[in-house]
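Since the structure comes first, as structure tokens, the remarks are kept for the end.
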Amino acid sequence: MDQPPSSVKLLGSWADSHTHRVQLALKLKGLEFEYQEEDFINPSPALLLHNPVYKKVPALLHGGRSIVESVVILQYIDETWTDNPIMPADPFERAVIRFWCHFTDDKLAPAVGLVFSSSGEGQKAAVDQVHENLKLLERELKDGAFKGRRFFGGDKIGLLDIVLGCGSYWLAVFEEVMEVKLIDPESFPVFHAWLRDFEEQQEVKETIPAIDRLLEYARGIRQMMLSLSNSSSSSINNAAASSG
Amino acid sequence: MAEGENKGLVLLDFWVSPFGQRCRIALAEKGVEYEYREENLRDKSPLLLKSNPVHKKIPVLIDHGMPVCESLNIVQYIDEKWPDRAPLLPANPYARAQARFWADLVEKKVHPPSAFHLFVSCAAPGEAHFLRKFTYCIRFQMYESGTKLWKLKGEAQEEAKKEFIEIFKLLEGELGDKKYFGGETFGLVDIALVPFTAWFYSYEACANLSTEKEAPKLVSWAKRCRERESVSKSLPDPLKVYEFVCFLKKVYGIE
Chain A
1 MDQPPSSVKL LGSWADSHTH RVQLALKLKG LEFEYQEEDF INPSPALLLH
51 NPVYKKVPAL LHGGRSIVES VVILQYIDET WTDNPIMPAD PFERAVIRFW
101 CHFTDDKLAP AVGLVFSSSG EGQKAAVDQV HENLKLLERE LKDGAFKGRR
151 FFGGDKIGLL DIVLGCGSYW LAVFEEVMEV KLIDPESFPV FHAWLRDFEE
201 QQEVKETIPA IDRLLEYARG IRQMMLSLSN SSSSSINNAA ASSG
Chain B
1 MAEGENKGLV LLDFWVSPFG QRCRIALAEK GVEYEYREEN LRDKSPLLLK
51 SNPVHKKIPV LIDHGMPVCE SLNIVQYIDE KWPDRAPLLP ANPYARAQAR
101 FWADLVEKKV HPPSAFHLFV SCAAPGEAHF LRKFTYCIRF QMYESGTKLW
151 KLKGEAQEEA KKEFIEIFKL LEGELGDKKY FGGETFGLVD IALVPFTAWF
201 YSYEACANLS TEKEAPKLVS WAKRCRERES VSKSLPDPLK VYEFVCFLKK
251 VYGIE
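Shown next, in the form of structure tokens:
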């Protein structure tokens with residue numbers, strides 16, 4: 001089904017991996033869209049209007065209506081512009097893709113975030129957790145549901161590649177900023193090879209910001225997160241004490 | 001190969017699990033036959049561990065030996081596998097996006113899986129690490145508004161009540177005056193939420209929270225849902241749920 005290209009607008013933030021997911025999907029579908037940069041700290045009235053529940057990017061505006069939550073948006077894009085599908089047709093394969101998308105957002109991403117926001121023993125535990133999660137993906141790529149595939153989507157990038165790939169660049173960034181080993185090519189050869197291949201794709205190169213910008217951004221956020229985590233951990237301990 | 005692995009449809013489940021109930025409702029809506037298998041969550045079967053090696057949790061739907069995990073994933077699988085009857089998602093892409101958004105919100109905000117399963121799969125009574133894990137869940141975004149109502153006391157419980165009421169007001173706003181969340185058709189969002197209505201009585205008894213007063217539209221919606229055979233046959237008696245909650249409270253020394 002063809003929609004007038006100018007009717008698509010994306011509210012996003014340049015360093016937000018969920019925004020990149022949507023940008024990449026729109027590019028893979030060959031769709032033109034208008035982009036509006038949002039400030040993470042001060043959401044615009046438009047963003048508050050179009051995402052009143054979560055007040056976050058990304059928000060896709062199409063035909064006067066808004067769709068939010070990146071994985072919901074990706075499926076909406078796939079079902080509205082049906083050429084170059086990013087989801088498989090078979091129900092079981094679709095269930096496998098959805099499972100690993102949920103794993104990415106529910107397990108892997110929070111663990112990576114925790115590496116970034118913690119220090120000392122807590123950070124070590126978070127790094128171990130990231131490794132445990134990557135091992136599961138490595139196993140799936142090597143011997144499991146995605147065995148023998150170039151991408152999770154097969155020969156071409158699919159929804160899970162987009163979800164996992166737009167965010168995995170933080171692994172290399174955090175390795176440098178935090179001086180930890182997260183994605184060692186010897187421990188995760190297949191995952192590493194997939195990520196390198198993904199990042200070489202033209203549409204991906206056009207979407208993901210330059211590494212220098214990401215490094216600078218990450219260093220700034222790290223400072224902020226450390227000071228927040230120091231004040232919030234004492235209030236968590238107080239809450240635990242009062243609820244025990 | 002374990003017994004029953006290639007036997008048609010098998011649902012690995014636990015009687016009181018709202019997540020398992022979602023799957024039972026979806027299968028019943030489609031009129032699909034399956035074998036129900038009750039799991040002992042303190043002694044999980046080899047089949048469960050093999051079918052969901054990543055999370056080791058119920059529910060798991062095994063379709064001719066192929067496992068599908070996570071309740072909302074299972075519901076969508078059921079919908080796509082049997083597209084010729086009782087559609088659980090609308091046809092229009094925008095309406096589908098709305099349904100997925102609200103089902104995801106229920107998942108995140110009403111009673112997240114980790115909290116429930118954490119609670120039921122804890123090994124022995126009085127384990128010290130329980131409270132550490134519980135605190136971990138609160139910290140890392142796993143708000144468990146419902147669970148907090150009967151686990152906590154005093155100020156923490158009042159906070160949980162407030163959160164609970166806010167979420168239900170949000171859901172009532174989305175429901176409006178519609179028959180179901182999807183309009184005239186019972187669907188994904190209804191299936192995602194309705195199992196938690198069997199816990200309303202427990203929330204009221206433990207936290208003195210009247211859902212009739214705070215969320216009357218949802219209470220009426222729940223009654224309409226219960227008129228469907230798929231729901232009435234899949235949901236437990238709220239009093240039985242309350243007995244289960246009391247048992248857990250005793251085991252973990254709360255009150």
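Chains as they are written, first to last, in full-length UniProt numbering: chain A, 1 to 244; chain B, 1 to 255. Even for Gly, the Cβ is constructed at its ideal location relative to N, Cα and C.
Sub-8 Å separation of residue i and residue j beta-carbons
i: residue 296 (chain A); j: Tyr169 (chain A); result: The requested residue 296 (chain A) does not occur in the structure, where chain A is confined to residues 1 to 244.
i: Lys179 (chain B); j: Arg224 (chain B); result: yes
i: Phe14 (chain B); j: Glu38 (chain B); result: yes
i: Val115 (chain A); j: Met178 (chain A); result: yes
i: Leu12 (chain B); j: Ser51 (chain B); result: yes
i: Glu138 (chain A); j: Phe188 (chain A); result: yes
i: Ile157 (chain A); j: Leu28 (chain A); result: yes
i: Glu34 (chain A); j: Lys9 (chain A); result: yes
i: Arg94 (chain A); j: Pro85 (chain A); result: no
i: Ile74 (chain B); j: Pro53 (chain B); result: no
i: Ala222 (chain B); j: Lys161 (chain B); result: no
i: Leu171 (chain A); j: Leu160 (chain A); result: no
i: Ala218 (chain A); j: Val180 (chain A); result: no
i: Leu141 (chain A); j: Phe92 (chain A); result: no
i: Arg150 (chain A); j: Asp197 (chain A); result: yes
i: Glu70 (chain B); j: Phe99 (chain A); result: yes
i: Ile78 (chain B); j: Leu27 (chain B); result: yes
i: Leu88 (chain B); j: Ile191 (chain B); result: yes
i: Glu214 (chain B); j: Ile165 (chain B); result: yes
i: Ala15 (chain A); j: Pro209 (chain A); result: yes
i: Ser202 (chain B); j: Val241 (chain B); result: yes
i: Lys249 (chain B); j: Ile167 (chain B); result: no
8 Å Cβ shell around residue i - same chain, five flanking residues per side excluded
i: Leu48 (chain A); result: Lys55
i: Ser210 (chain B); result: Glu204
i: Val68 (chain A); result: His50, Asn51, Val53, Tyr54, Lys56, Pro58, Ala59 and Leu60
i: Leu226 (chain A); result: Ser117 and Ser119
i: Gly31 (chain B); result: Arg85 and Ala86
Close Cβ partners of residue i (< 6 Å) along its chain, the five nearest in sequence each way excluded
i: Ser232 (chain B); result: Arg226
i: Leu195 (chain A); result: Ser168
i: Val189 (chain B); result: Ala99, Trp102, Ala103 and Phe181
i: Tyr76 (chain A); result: Ile67
i: Leu193 (chain B); result: Val106
i: Thr19 (chain A); result: Gly12, Ser13, Val57 and Pro58
i: Ser17 (chain A); result: Cys166 and Gly167
i: Pro18 (chain B); result: Pro195 and Phe196
Other residues of its chain near residue i: CB distance less than 7 Å, five sequence neighbours each side excluded
i: Val163 (chain A); result: Arg21, Val71, Cys101 and Thr104
i: Phe244 (chain B); result: Val16
i: Ser7 (chain A); result: His62 and Gly63
i: Val219 (chain B); result: Thr211 and Glu212
i: Pro45 (chain A); result: none
i: Glu206 (chain A); result: Lys27
i: Ala145 (chain A); result: Val96
i: Pro185 (chain A); result: His192
Quick check: the stretch 35-48 of chain B against the stretch 90-99 of chain B, are at least 3 beta-carbon pairs closer than 8 Å? no
Every unbroken beta strand (DSSP E) within the UniProt domain "GST N-terminal" (7-86) of chain B, with a cutoff of 3 residues, ordered by chain: 9-13, 35-38, 60-63 and 66-69
Could I get the ranges of all uninterrupted beta strand (DSSP E) runs contained in the stretch 4-73 of chain A, with 3 residues as the minimum, in chain order? Restricting attention to beta strand (DSSP E) runs no shorter than 3 residues, the stretch 4-73 of chain A encloses them at 8-12, 34-37, 59-62 and 65-68, ordered along the chain.
Name the residues in the stretch 86-103 of chain B whose C-beta lies less than 7 Å from a C-beta of chain A; which are they? Pro93, Tyr94, Arg96, Ala97, Arg100 and Phe101
Taking contact to mean at least 3 C-beta pairs separated by less than 8 Å, is the stretch 234-252 of chain B in contact with the stretch 190-199 of chain B? Yes, the stretch 234-252 of chain B is in contact with the stretch 190-199 of chain B.
In the stretch 76-109 of chain A, which residues sit with their C-beta less than 7 Å from some C-beta in chain B, listed in chain order? Tyr76, Glu79, Thr80, Pro91, Phe92, Arg94, Ala95, Arg98, Phe99, His102 and Phe103
May I ask you to verify whether the stretch 156-173 of chain B touches the stretch 80-88 of chain B, counting CB pairs closer than 8 Å and requiring at least 3? Result no; under three Cβ-Cβ pairs closer than 8 Å.
If you measure beta-carbon to beta-carbon, which residues of the UniProt domain "GST C-terminal" (90-221) of chain A are closer than 7 Å to chain B? Result list: Pro91, Phe92, Arg94, Ala95, Arg98, Phe99, His102, Phe103, Pro110 and Leu136.
Would the stretch 18-37 of chain B and the stretch 65-74 of chain B be scored as touching if the rule is three or more Cβ pairs under 8 Å? yes
If the cut-off is 7 Å on Cβ atoms, which residues from the stretch 34-46 of chain A count as contacting chain B, listed in chain order? none
Could you please tell me which residues of the stretch 57-68 of chain A, in chain order, have their CB closer than 7 Å to any CB of chain B? Within the stretch 57-68 of chain A, the residues whose Cβ lies closer than 7 Å to some Cβ of chain B are Arg65, Ile67 and Val68, listed in chain order.
Relative to chain A, which residues along the stretch 171-204 of chain B have a C-beta separation below 7 Å, given in chain order? none
Which of the residues in the stretch 51-68 of chain B, read from start to end, lie with their CB under 8 Å from any CB of chain A? Val54, Asp63, Met66 and Val68
Which complete beta strand (DSSP E) runs does the UniProt domain "GST C-terminal" (90-221) of chain A hold, if anything under 3 residues is left out? none
Going along the stretch 15-29 of chain A in order, which residues come within less than 7 Å of chain B, judged by CB to CB distance? The residues in question: there are none.
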